Amino acid sequence: MVRSRIAPRTTSPLRASGDAARQPSPVCGGRLARGLRIVVLLMSGCVLTDADVQQGLDPDGDGVAWPEDCANDDPATSPGAAWLDSETACMTDADGDGYGAAAPHAGAQPGTDCDDSDASVHPAAVEVCDGRDADCDQRVDEGTEEGTWYRDDDGDGFGGEADPTLACGDAEREPVTATPGDCDDADTQVHPDAAEVCNLIDDNCDGVVDEDAAIDARTWHRDDDGDTYGRTDILTRACERPDGWTARDGDCDDADFTVFPGGPEYCDSLDNDCDEVVDEELVDGSTFYIDTDGDGFGEASRTFVGCWPDPGFVANALDCDDADAGEPVVVDALNGTLSGSGSGVDPMRLLQDGLDAADACVLVYPGTYTESLSIAGDLLLTSRDGADATVLDAGMSPCSAEELLSGGCAGYGSVLTVAAGATPTVQGFTLRGGTGHAAPYPIESGGQTVTVYDFCGGAVYVEGGALHLVDVVLTDNVVPGATRATDPDDAARAVWTFSFGGGLCARASTIELLGVAVRSNVAELGGGLYAEGSQVSLHQTQVGGNQAVNGGGVFIEDSDLDATNALLVFNEATGNGGGILHRGSGVSTLVNVTVVGNTAGTSRADRAEALLGEDQAQLEVRNSILVSLGEGPLAVSSAAGSTAYSAWYSATGGETVGTGWRAGPGDIAQDPRFIGLSDDGDLTNDDYGLRATSPALDAGDPSAVYNDADGTPNDMGVYGGPAGNF
600 MVRSRIAPRT TSPLRASGDA ARQPSPVCGG RLARGLRIVV LLMSGCVLTD ADVQQGLDPD
660 GDGVAWPEDC ANDDPATSPG AAWLDSETAC MTDADGDGYG AAAPHAGAQP GTDCDDSDAS
720 VHPAAVEVCD GRDADCDQRV DEGTEEGTWY RDDDGDGFGG EADPTLACGD AEREPVTATP
780 GDCDDADTQV HPDAAEVCNL IDDNCDGVVD EDAAIDARTW HRDDDGDTYG RTDILTRACE
840 RPDGWTARDG DCDDADFTVF PGGPEYCDSL DNDCDEVVDE ELVDGSTFYI DTDGDGFGEA
900 SRTFVGCWPD PGFVANALDC DDADAGEPVV VDALNGTLSG SGSGVDPMRL LQDGLDAADA
960 CVLVYPGTYT ESLSIAGDLL LTSRDGADAT VLDAGMSPCS AEELLSGGCA GYGSVLTVAA
1020 GATPTVQGFT LRGGTGHAAP YPIESGGQTV TVYDFCGGAV YVEGGALHLV DVVLTDNVVP
1080 GATRATDPDD AARAVWTFSF GGGLCARAST IELLGVAVRS NVAELGGGLY AEGSQVSLHQ
1140 TQVGGNQAVN GGGVFIEDSD LDATNALLVF NEATGNGGGI LHRGSGVSTL VNVTVVGNTA
1200 GTSRADRAEA LLGEDQAQLE VRNSILVSLG EGPLAVSSAA GSTAYSAWYS ATGGETVGTG
1260 WRAGPGDIAQ DPRFIGLSDD GDLTNDDYGL RATSPALDAG DPSAVYNDAD GTPNDMGVYG
1320 GPAGNF
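Numbering of the sequence shown is given in our numbering, commencing with residue 600 and proceeding in unit increments.
As structure tokens, then:
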């Protein structure tokens, strides 16, 4: 509403004539205050424009010009601004509801509006139940219609239904609402209009918690085969996984639990991993080997893993010469024939026939071969199915001097004899029933012609050759003891027998044993093994339960012994050296060796139960465990030697280390605490691993070269060191 008393004009009532009058006056173009400028312009004869009038007389733009506007700097204040209070009085109406502010702009009259910032509050407003004095009568919510109201403590617009009231809120403005249905009036996020989410709360007050329509419900896929992958085309939504459903899809065969994305691929003609390729990268595939010569036996230079062999490949790597269809020579005690050619389809029956026919290797099928064998040359003699299934049994009984003198000896010999100069490898057999190799020779003694039998090596005899034994068992071989007999009809004629190496005897040879068990053999010297002038290596090998007069387990004479990760247990010597006896020259080196439970005669102080060195023998012991369960001395040496980082323990308090050398750096004299040591004569039910409380754990030589296979410091004993995890 414009209430200016000055009508706008297009030209000033004061006009000048002539050209001079049309020239702008310096005053007309000057800069003066707005109100003063109008007066000066008029007095100076300047032409006034509408803009000049508007800017100068109504600067607040409220339509009331100076001098009638009582507050020309406030557009909300002017005469008639609050026209419902007064058409003429100068009042302030900031909210534009027609009522003047009770606390107006300076120079204006007070009006009746008690809240000039809210157009819904003025004297003519209608009271509603909202906790305000809407009609400015200094009363709140008076005259409002009675109805049913509900407390709304959380202010979400919905009230709880527990205590409804029939009146509007009281003077303290209790929070109320006319809309009921709030099932949790302490949580603003819970009310009938709320969105249901997966939170174990009934957000929308419909009596259902986390229903499938929740905005963050997950998508689940039908999983009929229970492999945790479901079908892509059958879906449901729910906060929690329903039975028979899964979050993962992509199953290309939901009727087979072995088929799902990323599953292991099997030889079953199915796409187990759902990559649209069948039987690739198999977990149960077989390795096939190239068979160049077509003899049915492959070799490992070229392989592949699959379900079935490709042409030119076979499922074994038993060929030692894949360029020669005649190798290996095959021997089969069950299916071979005496006239067999030695091929895979026409095997020989007798093993010695196979050894004689072969140039490179002999392959032996399972069975028991009752033969006394001889090997000449550089041959590989291997079994197809290992020592438990393939037995070489000489089937002999030891002969006494009387039987030999009378001719009543049925026969004697080693199970396997290696000829001078031969260098065979024998793998995967059990050798038993041997009585030792002997080449009788005569001597003159006291007017008698004595025939001497040096029985040597019940299971294996090697002289002047080299032998590599792998995964072999030498057991139950008995070499005749030292006996003498004179012909009752001819006093000048006599027979003497001597006995060496119940399991193996080596003279002037090189012997390597890997994964070998030498058990329950008998001889006079070296119940398990005897070596003279030889090099002997024992790796991951057990020598146990053997018997002898001297050297119950091992007798080393003028030889070198290298033993790593070896176990010598419960061997018995009625004389000296229950575990190991080293006589004469040479060095015995024991690294990560366990010697326990061996016994020796006790009538002399030097009859050591575990380790005995005599003459110039040199003993080097490191990272090893030597335990005596008897009353004799644990170890004795009259020669040079050293010990370091080893456990020396006598259960009965006997002397731990005898003369010649003493405890070295890192040695301990404590019970090593084996996991299971029964001492019941059964070599198969003991566990020589170390308990978690063993003082021998991580107590070996700290040099990194001796670390266990897992990289931790060396554990003393047979299962420590880099090769102890067998």
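Here a beta-carbon is modelled for each residue, glycine too, at the ideal position from N, C-alpha and C.
Being a predicted model, the structure only gives us computed values, none of them experimental.
The ligand SAM and residue i: does the residue's C-beta get closer than 6 Å to at least one heavy atom of that ligand?
| i | result |
| --- | --- |
| Ser1277 | As for the ligand SAM, it is missing from this structure, which has no ligand bound. |
In the DSSP assignment, the beta strand (DSSP E) including residue i goes from what residue to what residue?
| i | result |
| --- | --- |
| Glu875 | First-last for Glu875: undefined, no H or E at that position. |
| Ala1009 | Per DSSP, Ala1009 belongs to no beta strand (DSSP E) and is neither H nor E. |
| Asp1089 | 1089 to 1099 |
| Phe1054 | 1047 to 1055 |
| Trp819 | 817 to 821 |
| Gln1217 | 1217 to 1221 |
| Arg901 | 898 to 905 |
| Cys960 | 960 to 963 |
| Ala1243 | 1240 to 1243 |
Give the secondary structure of residue i by DSSP, where H, G and I count as helix, E and B as strand, and everything else as coil.
| i | result |
| --- | --- |
| Leu991 | strand |
| Gln1026 | strand |
| Tyr1248 | strand |
| Gly884 | coil |
| Gln1364 | Residue 1364 is absent from the structure shown; the chain starts at 600 and stops at 1325. |
| Leu917 | coil |
| Ala1081 | coil |
| Val1195 | strand |
| Ala1172 | strand |
| Gly1310 | coil |
| Glu970 | coil |
| Leu656 | helix |
| Asn1103 | The question names Asn, but residue 1103 is Leu in the sequence shown. DSSP places Leu1103 in strand when its eight states are reduced to three. |
| Glu1001 | helix |
| Tyr1129 | strand |
| Ala1065 | strand |
| Ala1303 | helix |
What separation, rounded to the nearest whole angstrom, lies between the Cα atoms of residue i and residue j?
| i | j | result |
| --- | --- | --- |
| Gly1127 | Ala1291 | 32 Å |
| Asn1306 | Val1195 | 23 Å |
| Gly829 | Val963 | 52 Å |
| Ala1250 | Arg1106 | 36 Å |
| Thr857 | Leu1225 | 52 Å |
| Ser868 | Val876 | 10 Å |
| Tyr968 | Ile974 | 15 Å |
| Pro607 | Pro674 | Caution applies to Pro607, whose pLDDT of 33 falls short of 50 and renders its modelled position unreliable; the value that the coordinates give is listed next. Pro607 and Pro674: Cα-Cα distance of roughly 20 Å. |
| Gly966 | Gly895 | 21 Å |
| Ala547 | Thr676 | Nothing about residue 547 can be read from this structure; the chain reaches only from 600 to 1325. |
| Gly660 | Asp672 | 9 Å |
| Gly1288 | Ser971 | 37 Å |
| Ala700 | Asp732 | 15 Å |
| Asp824 | Asp855 | 6 Å |
| Leu635 | Asp692 | With a pLDDT of only 49 at Leu635, under the threshold of 50, the placement of this residue in the model should not be trusted; the figure read from the coordinates follows. Between Leu635 and Asp692, the C-alpha separation is close to 28 Å. |
| Ala1308 | Tyr1318 | 10 Å |
| Asn1331 | Val1115 | Examination of residue 1331 is not possible in this model, given that the chain is present from 600 through 1325 alone. |
| Arg604 | Ala681 | Residue confidence is low: Arg604 scores 28 on pLDDT, short of 50, so the model does not pin down where it sits. Its coordinate-derived value is still stated next. Those two C-alpha atoms are separated by around 19 Å. |
| Asp784 | Gly849 | 45 Å |
| Leu1180 | Thr1024 | 27 Å |
| Leu991 | Thr1029 | 6 Å |
Please name the residue or residues paired with residue i in a DSSP beta bridge.
| i | result |
| --- | --- |
| Gly1275 | Asp1286 |
| Ala1116 | Val1072, Gln1141 |
| Thr676 | Thr691 |
| His1181 | Ile1155, Gly1212 |
| Ala1298 | Looking at the DSSP assignment, Ala1298 forms no beta bridge with any residue, so it has no partner. |
| Asp729 | Partner(s): none; Asp729 has no beta bridge. |
| Ser1187 | Leu1160, Leu1218 |
| Val864 | Reading off the sequence shown, one finds Glu at residue 864, where the question assumed Val. Glu864 pairs with Leu881. |
Under 8 Å by Cβ, that's how I've got residue i and residue j pegged, so tell me the actual separation to the nearest angstrom.
| i | j | result |
| --- | --- | --- |
| Gly939 | Met995 | Wrong, their Cβ atoms sit about 26 Å apart, outside the cutoff. |
| Val1072 | Leu1066 | That pair is no contact at about 15 Å. |
| Gly1057 | Val1078 | 5 Å |
| Ala1000 | Trp1095 | 6 Å |
| Gly953 | Ala1021 | About 15 Å separates the two Cβ atoms, so there is no contact after all. |
| Phe1154 | Ala1162 | Going by Cβ atoms, the distance from Phe1154 to Ala1162 rounds to 14 Å, so no, they are not a contact pair. |
| Asp1157 | Glu1131 | 6 Å |
| Gly1183 | Gly1151 | Not really, about 18 Å apart at Cβ, beyond 8 Å. |
| Pro791 | Gly780 | 4 Å |
For the alpha helix (DSSP H) holding residue i, just list the boundary residues, first then last.
| i | result |
| --- | --- |
| Gln708 | Per DSSP, Gln708 belongs to no alpha helix (DSSP H) and is neither H nor E. |
| Gln951 | 950 to 956 |
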